[in-house]
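Taking the working numbering, the leading residue of the sequence shown gets 9, the next gets one more, and so forth. Think of the CB as a built atom: it goes at the ideal place given N, C-alpha and C, for glycine as much as any other residue. What you are looking at is a predicted structure, and each value in this text was computed from that prediction instead of being measured.
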Amino acid sequence: MEKIIHEINLMLDDLARVLIRIILDLALMYARLRVMWSSRNMLMRYRKKGVLVEWSEQRNLYGAFFIDEPEICEYGEDPIDALLCFLSKHQEYLSSGENN
């Protein structure tokens, strides 16, 4: 009888581990989706202000630039990195309303 109870406890432990793993995987996927969605919203918000982020074949990096002034460009390894680098150098231009 004790052996059966021990086996049941082992099975329940395994089941608990699997369920915890599934819950953690789902939480991680949800967090990734939230980050992707907020990144997309951020890119769209600045696109309305005249800032575009595109892949640069020449540099193998993403470039963020003013739509009407593509020569003013900052690069990054992903779209958000490029946008943040661009904003750190050109925020006063955007906030002054010159490009709206």
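> Shortest alpha-carbon distance to Phe74 belongs to which of Asp22, Leu91, Met44 and Ser47?
Replying inline: By 1-based counting over the sequence shown, the position of residue 74 is 66. Ranking the options by Cα distance to Phe74, first place goes to Leu91.
> Quick one: what does DSSP say Asn108 is sitting in, helix, strand or coil?
Replying inline: The residue you call residue 108 lines up with position 100 of the sequence shown. Residue placement at Asn108 is poorly supported in this model, since its pLDDT is 44, which falls under 50; the coordinates still yield a value, given next. The answer is coil: DSSP assigns Asn108 none of H, G, I, E or B.
> If you draw a straight line from the C-alpha of Leu95 to the C-alpha of Trp45, how long is it?
Replying inline: Counting from one through the sequence shown, the residue named residue 95 turns up at place 87. Counting from one through the sequence shown, the residue named residue 45 turns up at place 37. Cα to Cα, Leu95 sits roughly 19 angstroms from Trp45.
> Ordered along the chain, which non-local residues of its own chain (more than five positions away) have a Cβ less than 7 angstroms from that of Asn107?
Replying inline: Translated into the one-based positions of the sequence shown, residue 107 becomes position 99. Below a pLDDT of 50, predicted positions are generally treated as unreliable, and Asn107, at 47, falls in that range; no measurement from the model is reported.
>> To the nearest angstrom, how far is the alpha carbon of Met52 from that of Gly71?
In response: The residue labelled residue 52 in the question sits at position 44 within the sequence shown. The residue labelled residue 71 in the question sits at position 63 within the sequence shown. One C-alpha to the other measures close to 15 angstroms.
> Roughly how many angstroms separate the alpha carbons of Leu32 and Pro87, rounded to a whole number?
Replying inline: Here residue 32 refers to the residue found at position 24 when the sequence shown is read from its first residue. Here residue 87 refers to the residue found at position 79 when the sequence shown is read from its first residue. Leu32 and Pro87 have their alpha carbons spaced roughly 27 angstroms apart.
> Is it buried or exposed for Glu62, if we count other Cβ within 10 angstroms and need 16 for buried?
Replying inline: Counting from one through the sequence shown, the residue named residue 62 turns up at place 54. Per the 10 Å Cβ criterion, exposed.
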